[in-house]
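Below is one structure, written out as structure tokens; comments come after it.
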Amino acid sequence: MGDKGAGNHSDVTDFILVGFRVHPELHILLFLLFLLVYGMVLLGNISMMTIIVTDSQLNTPMYFFLGNLSFIDLSYSTVIAPKAMVNFLSEKKTVSFVGCAAQLFFFAFFIVTEGFVLAAMAYDRFIAICNPLLYSVHMSRRLCTQLVAGSYLCGWLSSILQVSTTFSVSFCASRVIDHFYCDSYQIERISCSNLSVNKMVSLSLAAFIILPTIVVIVVSYMYIGTTVLKIPSSEGRRKAFSTCSSHLGVVSLLYGTVSFVYLTPPSNPELRKVASVFYILVTPMLNPLIYSLRNKDVKQALGKILWKKKALY
Numbered sequence: 100m101g102d103k104g105a106g107n108h109s110d111v112t113d114f115i116l117v118g119f120r121v122h123p124e125l126h127i128l129l130f131l132l133f134l135l136v137y138g139m140v141l142l143g144n145i146s147m148m149t150i151i152v153t154d155s156q157l158n159t160p161m162y163f164f165l166g167n168l169s170f171i172d173l174s175y176s177t178v179i180a181p182k183a184m185v186n187f188l189s190e191k192k193t194v195s196f197v198g199c200a201a202q203l204f205f206f207a208f209f210i211v212t213e214g215f216v217l218a219a220m221a222y223d224r225f226i227a228i229c230n231p232l233l234y235s236v237h238m239s240r241r242l243c244t245q246l247v248a249g250s251y252l253c254g255w256l257s258s259i260l261q262v263s264t265t266f267s268v269s270f271c272a273s274r275v276i277d278h279f280y281c282d283s284y285q286i287e288r289i290s291c292s293n294l295s296v297n298k299m300v301s302l303s304l305a306a307f308i309i310l311p312t313i314v315v316i317v318v319s320y321m322y323i324g325t326t327v328l329k330i331p332s333s334e335g336r337r338k339a340f341s342t343c344s345s346h347l348g349v350v351s352l353l354y355g356t357v358s359f360v361y362l363t364p365p366s367n368p369e370l371r372k373v374a375s376v377f378y379i380l381v382t383p384m385l386n387p388l389i390y391s392l393r394n395k396d397v398k399q400a401l402g403k404i405l406w407k408k409k410a411l412y
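The opening residue of the sequence shown carries number 100 in my numbering; numbering runs sequentially from there.
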């Protein structure tokens, strides 16, 4: 499809976010639901970061990665949820051109960064279980810092590429985005330009950025599984696997919900919106619970903090 002579992107000053196509009376209910879940996201992830920073016993590579994971979860939920809640109570439901580009940039930045951090965490578990005697040598503070910094760099580069290609198109007369946030797929749907470059960029990002993180996670757990099966005692196997179960749960939640969104037929946009809620709000809400409920060190650190507060009173 070539350009149709409609207004260029420079003529567009704002977009309209449709949100969920429900009766207006339900917007208050959606606002309260988002507010409740977002509040739990804030509470859970801020608490997790506080526990990791304040307890010296959690000064290990695994918790260094986990602290960054909590920060990223909190960040990409904050990029989307507040604006969505404002629109539930607003009649205009608009977002400026710059605001839309910024929202897409930061969301892509944090979601890609999270994929790389999860891959780094998988590598950390691989070293801890498959080569425990050299764990402190391999997983040095310098390497951990480099892995996290590299994750943020990859997220930044990919988000710049995605946003620049998404907003370099010409837009048709319609400026209505059929979603509750600035989703690149829905933005491209209201474009009048040839999207072959956009599709090529999307495939390139998947091939060179997203795919390697999945490969690292899968290969790491293949080696972990092989090593665990060689442990003679059932108790030893259970302890070894328990150190990975939380990470596996988080990986499954994120990649499962994201995959569901992009495998859902475009003809069913409402289902895609509901699925998006899961990885934007539900997954960041559940991640701290998964790590706190299944991790003895985190529970002990939380108990110390609560005991100190109780003693003060």
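Every residue gets a Cβ at the ideal spot worked out from N, C-alpha and C, and that includes glycine.
With 16 other CB atoms within 10 Å as the buried threshold, where does residue 314 fall? By the 10 Å Cβ count, residue 314 comes out exposed.
Rounded to a whole number of angstroms, what is the C-alpha to C-alpha distance between residue 284 and residue 264? If I take the Cα positions, the gap works out to 12 Å.
Considering just the uninterrupted stretch of the alpha helix (DSSP H) at residue 164, what are its terminal residues? From DSSP, the alpha helix (DSSP H) with residue 164 extends over 160-187.
Nearest to residue 326 by alpha carbon, out of 121, 120, 226? Among 121, 120, 226, the Cα nearest to that of residue 326 is on 226.
Take every Cβ of the region 246-264, pair it with every Cβ of the region 380-392, and state whether three or more of those distances are shorter than 8 Å. These segments do not touch.
Let's test the definition: count the other Cβ atoms within 10 Å of the Cβ of residue 120 and tell me whether it reaches 16, buried, or not, exposed. Looking at its Cβ environment, which holds fewer than 16 other Cβ atoms inside 10 Å, residue 120 is exposed.
Pick out whichever of 274, 229, 187 has its Cα sitting closest to the Cα of residue 132. Closest option to residue 132, judged by alpha-carbon separation, among 274, 229, 187: 187.
Short check: CB of residue 209 to CB of residue 312, under 7 Å? No, Cβ-Cβ distance for residue 209 and residue 312 is not below 7 Å.
Proximity of residue 117 and residue 274 at Cβ, strictly below 7 Å: The criterion of a C-beta distance shorter than 7 Å is not satisfied by residue 117 and residue 274.
Quick one: what does DSSP say residue 319 is sitting in, helix, strand or coil? In the structure shown, residue 319 sits in a helix (DSSP, three-state: H, G or I).
Please report how far the alpha carbon of residue 98 lies from the alpha carbon of residue 330, in whole angstroms. What the structure shows of the chain is the stretch from 100 to 412, and residue 98 is not part of that stretch, so it cannot be assessed.
Per-residue DSSP class, three states only, for residue 114: Strand at residue 114.
4 or more residues per run - each alpha helix (DSSP H) lying fully within the region 362-397: Entirely contained in the region 362-397, the alpha helix (DSSP H) runs reaching 4 residues are, in chain order, 368-376, 382-392.
Buried or exposed, going by whether 16 or more other CB atoms sit within 10 Å of the CB of residue 138? Exposed, because fewer than 16 other Cβ atoms sit within 10 Å of the Cβ of residue 138.
Alpha helix (DSSP H) segment containing residue 195, residue limits: Taken as a continuous stretch (DSSP letters only), residue 195 belongs to no alpha helix (DSSP H), being part of the beta strand (DSSP E) at 193-195.
With C-beta atoms as the reference, is residue 260 less than 7 Å away from residue 350? Against a cut-off of 7 Å, the Cβ pair of residue 350 and residue 260 comes out as no contact.
Taking the C-alpha atoms as reference points, what is the distance between residue 346 and residue 236? CA-to-CA, the gap between residue 346 and residue 236 works out to about 22 Å.
Keeping to the same chain, check which residues put their C-beta closer than 6 Å to that of residue 234; ignore five residues upstream and five downstream. These residues qualify, in order along the chain: 226, 227.
Which residues does DSSP pair with residue 130 in a beta bridge? For residue 130, no pairing in a beta bridge is given by DSSP.
What is the rounded straight-line gap between the Cα of residue 295 and the Cα of residue 306? About 16 Å.
Would you mind giving the Cβ-Cβ distance between residue 254 and residue 211, rounded to the nearest angstrom? I have them listed as a contact below 8 Å. Sure, about 4 Å apart at Cβ, within 8 Å.
Pairwise C-alpha distance: residue 162 and residue 341: Using only the alpha carbons, I get a separation of about 15 Å.
Less than 7 Å between the C-beta atoms of residue 195 and residue 113, yes or no? A contact, by the Cβ cut-off of 7 Å.
Where do the ends of the alpha helix (DSSP H) carrying residue 285 lie? Segment 283-288, the alpha helix (DSSP H) holding residue 285.
Give a single yes or no on whether residue 399 has its beta carbon closer than 6 Å to a heavy atom of the ligand COA. Among the ligands in the structure shown, none appear at all, so the ligand COA cannot be discussed.
Thinking C-beta only, is residue 221 closer than 7 Å to residue 40? One cannot answer for residue 40 here, as it falls past the ends of the chain, which runs 100 to 412.
Relative to the C-alpha of residue 343, which residue among 173, 231, 320, 399 is closest? The candidate whose alpha carbon is nearest that of residue 343 is 320.
Short CB-CB distance (under 7 Å) between residue 390 and chain B: Protein chain content of the structure displayed is limited to a single chain, and chain B is not contained in it.
Chain-order list of residues whose beta-carbon lies under 7 Å from that of residue 399 (same chain, five-residue window excluded): Same-chain partners within the cutoff: there are none.
Distance, residue 200 Cα to residue 361 Cα: The straight-line gap separating the alpha-carbon atoms of residue 361 and residue 200 is approximately 21 Å.
Do you know whose CA, among 286, 335, 149, 174, lies nearest residue 267's CA? Nearest of 286, 335, 149, 174 to residue 267, Cα basis: 286.
From residue 169 to residue 348, what distance separates their C-alpha atoms? So the two alpha carbons sit approximately 15 Å from each other.
Is DSSP giving residue 101 helix, strand or coil here? Unreliable placement is indicated for residue 101, whose pLDDT of 41 sits below 50; no coordinate value is reported for it.
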